[in-house]
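**Q**
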Amino acid sequence: MTYCRTRLWVDGVLKAEDFPLQETSNHLAERNALVWVDMCNPDHDVLCELAQELGFDQHAIEDTVAHAERTKATRYATHTFLTVYATALAPPLANDLESRLLLARVSIFVLPAGIVTVRHELDPQKPVFDIDEVVRRWDENADLLKMGPPALLHGLLDVIVDGQFDTIQQLDDAIEALEDGLFDDRAVTRTIQRSTYRLRKELVELRRVVLPMREVINTIMRRRAEHADTVALDSWYSDLYDHVIRAAEWTESLRDMITTVFETNLSLQDARLNTIMKKLTGWAAIIAVPTAVTGWYGQNVPYPGFQSVVGLVSSAVIIVLVSGLLYVTFKRRGWL
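According to my numbering, the sequence shown is numbered sequentially starting from 1.
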């Protein structure tokens with residue numbers, strides 16, 4: 001089922017909303033008009049019909065319907081095509097090795113008088129990408145809409161980048177929680193290992209969609225410079241580019257951090273194993289004392305105290321004294 005939403009602004013003022021898709025080309029031809037068309041999980045026929053009406057490149061349509069398309073920006077003769085991903089983290093899953101990262105692909109066609117967004121959501125009732133937040137930001141900065149499609153595009157990308165920031169922050173918090181548990185003697189090593197593996201998997205998936213965003217914003221800014229677009233939005237796009245750079249750098253630092261957590265966990269396991277081995281060795285030495293003494297006194301030959309209470313007392317005293325001496329020595333050295 002296709003979920004469609006449309007809007008028309010004229011000179012930055014909202015004039016129409018939820019008009020039929022068939023009227024899109026007519027509104028695009030109006031003077032000072034700005035059009036937005038949004039489709040969620042569109043039927044292929046509906047998408048092809050709109051593409052034919054608006055003159056979208058066939059390669060862009062193929063990228064829109066293809067699976068696992070990478071983040072990119074491509075310039076065509078009549079429009080610019082972008083593929084970006086909104087991100088979110090799902091609640092903890094039953095399988096703690098399964099990635100919680102949720103991705104929603106957003107394909108964007110930037111036209112001279114509007115934009116068309118095509119969203120792919122697993123569950124349209126619980127979308128990963130909050131399109132209502134995009135509309136709210138457009139309404140809050142209605143004066144910018146007089147500058148045309150670049151203003152719409154900025155608001156859309158800004159929400160996507162903010163969502164990526166939220167995801168990165170949640171992963172950062174999860175990694176910090178792992179660090180706190182590393183030095184907790186009550187922590188379950190297996191749980192830490194599984195959580196570390198899951199976080200590494202989620203970071204790898206996140207990097208694939210966050211890092212290429214730099215090139216996407218670069219392409220948009222170069223195109224604006226080449227077409228001598230209004231400089232009023234330059235500061236907005238510069239701020240957006242700065243956020244993208246920070247998100248990329250933050251993701252890289254988290255990858256280094258989770259690698260450090262993984263290596264530290266292995267080192268701590270080795271250290272704990274060494275401690276256990278020292279304790280076992282110390283107790284084995286203590287236990288060897290009564291074994292040696294009773295073995296000596298158990299020989300089948302006469303010895304001092306043979307068949308006498310003195311022999312029992314002397315062997316018991318030797319066991320207690322030597323075992324106690326070893327225990328005190330090992331305890332002071334931290335072996336027990």
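C-beta: ideal position from N, C-alpha, C; glycine also.
Do the stretch 207 to 218 and the stretch 118 to 133 touch if we need at least three Cβ pairs shorter than 8 Å?
**A** Under the 8 Å Cβ criterion, the stretch 207 to 218 does not count as touching the stretch 118 to 133, having fewer than three qualifying pairs.
**Q** Taking only the alpha-carbon atoms, compute the straight-line gap between K278 and A285 and give it to the nearest angstrom.
**A** Within the sequence shown, residue 278 is the residue found at index 278, counting from 1. Within the sequence shown, residue 285 is the residue found at index 285, counting from 1. Near 11 Å, if we compare the C-alpha coordinates of A285 and K278.
**Q** Residues in the same chain with beta-carbon distance under 7 Å from R104, minus the five sequence neighbours each way, listed in chain order, please.
**A** In the sequence shown, the residue the question calls residue 104 occupies position 104. What sits at residue 104 in the sequence shown is Ala, not Arg. Cβ within range, chain order: Y85, A86, R119, H120, E121, P127, V128, F129.
**Q** Ordered along the chain, which non-local residues of its own chain (more than five positions away) have a Cβ less than 8 Å from that of Q269?
**A** For the purposes of this step, residue 269 is taken as the residue at position 269 of the sequence shown. Contacts found: T189.
**Q** Thinking C-alpha only, which one of S323, E249, A51, H67 is nearest I61?
**A** By one-based count along the sequence shown, residue 61 stands at place 61. Considering only alpha carbons, the answer is A51.
**Q** What's the call for E30, buried or exposed, on a 16-neighbour Cβ count within 10 Å?
**A** Residue mapping note: residue 30 aligns to position 30 of the sequence shown, counting from 1. E30 should be labelled exposed.
**Q** Take A232 and list the residues in its own chain whose beta-carbon comes closer than 7 Å to its own, dropping the five residues that flank it on each side.
**A** Here residue 232 refers to the residue found at position 232 when the sequence shown is read from its first residue. Close CB contacts of A232 within its chain, under the 7 Å cut and outside five residues either way in sequence, are with M147 (chain order).
**Q** Would you mind sorting F183 into buried or exposed? The rule is 16 or more other CB atoms within 10 Å of its CB.
**A** Position 183 of the sequence shown, counted from the first residue, corresponds to residue 183. Result: exposed.
**Q** Can you look up H120 in the DSSP assignment and give me helix, strand or coil?
**A** Working through the sequence shown from its first residue, we reach residue 120 at position 120. Looking at H120 - three-state DSSP - the assignment turns out to be strand.
**Q** What does the alpha-carbon distance come out to for the pair N218 and V244?
**A** As a working note, residue 218 is residue 218 in the sequence shown. As a working note, residue 244 is residue 244 in the sequence shown. For N218 and V244, the distance between alpha carbons rounds to 10 Å.
**Q** Is it a yes or a no for the stretch 161 to 174 touching the stretch 71 to 78, going by three-plus beta-carbon pairs under 8 Å?
**A** no
**Q** What whole-angstrom Cβ distance do P149 and L111 have, given they're in contact under 8 Å?
**A** For the purposes of this step, residue 149 is taken as residue 149 along the sequence shown, with counting starting at 1. For the purposes of this step, residue 111 is taken as residue 111 along the sequence shown, with counting starting at 1. So it is a contact: roughly 6 Å between Cβ atoms.
**Q** Which partner residues does V37 have in the DSSP bridge list?
**A** For this step, residue 37 is matched to residue 37 along the sequence shown. T6, V116, per the DSSP bridge assignment.
**Q** Let's see if you can read the secondary structure: which residues bound the beta strand (DSSP E) around Y197?
**A** Counting from one through the sequence shown, the residue named residue 197 turns up at place 197. Y197 -> not in any beta strand (DSSP E); alpha helix (DSSP H) instead, spanning 189 to 210.
**Q** Considering only their Cβ atoms, is the gap separating I258 from V293 smaller than 8 Å?
**A** Stepping through the sequence shown from its first residue, residue 293 is reached at position 293. Stepping through the sequence shown from its first residue, residue 258 is reached at position 258. Cβ distance not < 8 Å, so V293 and I258 don't count as in contact.
**Q** Compare the beta carbon distance of W9 and L145 with 8 Å and say whether it is the shorter of the two.
**A** Counted from its first residue, the sequence shown places residue 9 at position 9. Counted from its first residue, the sequence shown places residue 145 at position 145. In contact: W9 and L145 (Cβ atoms closer than 8 Å).
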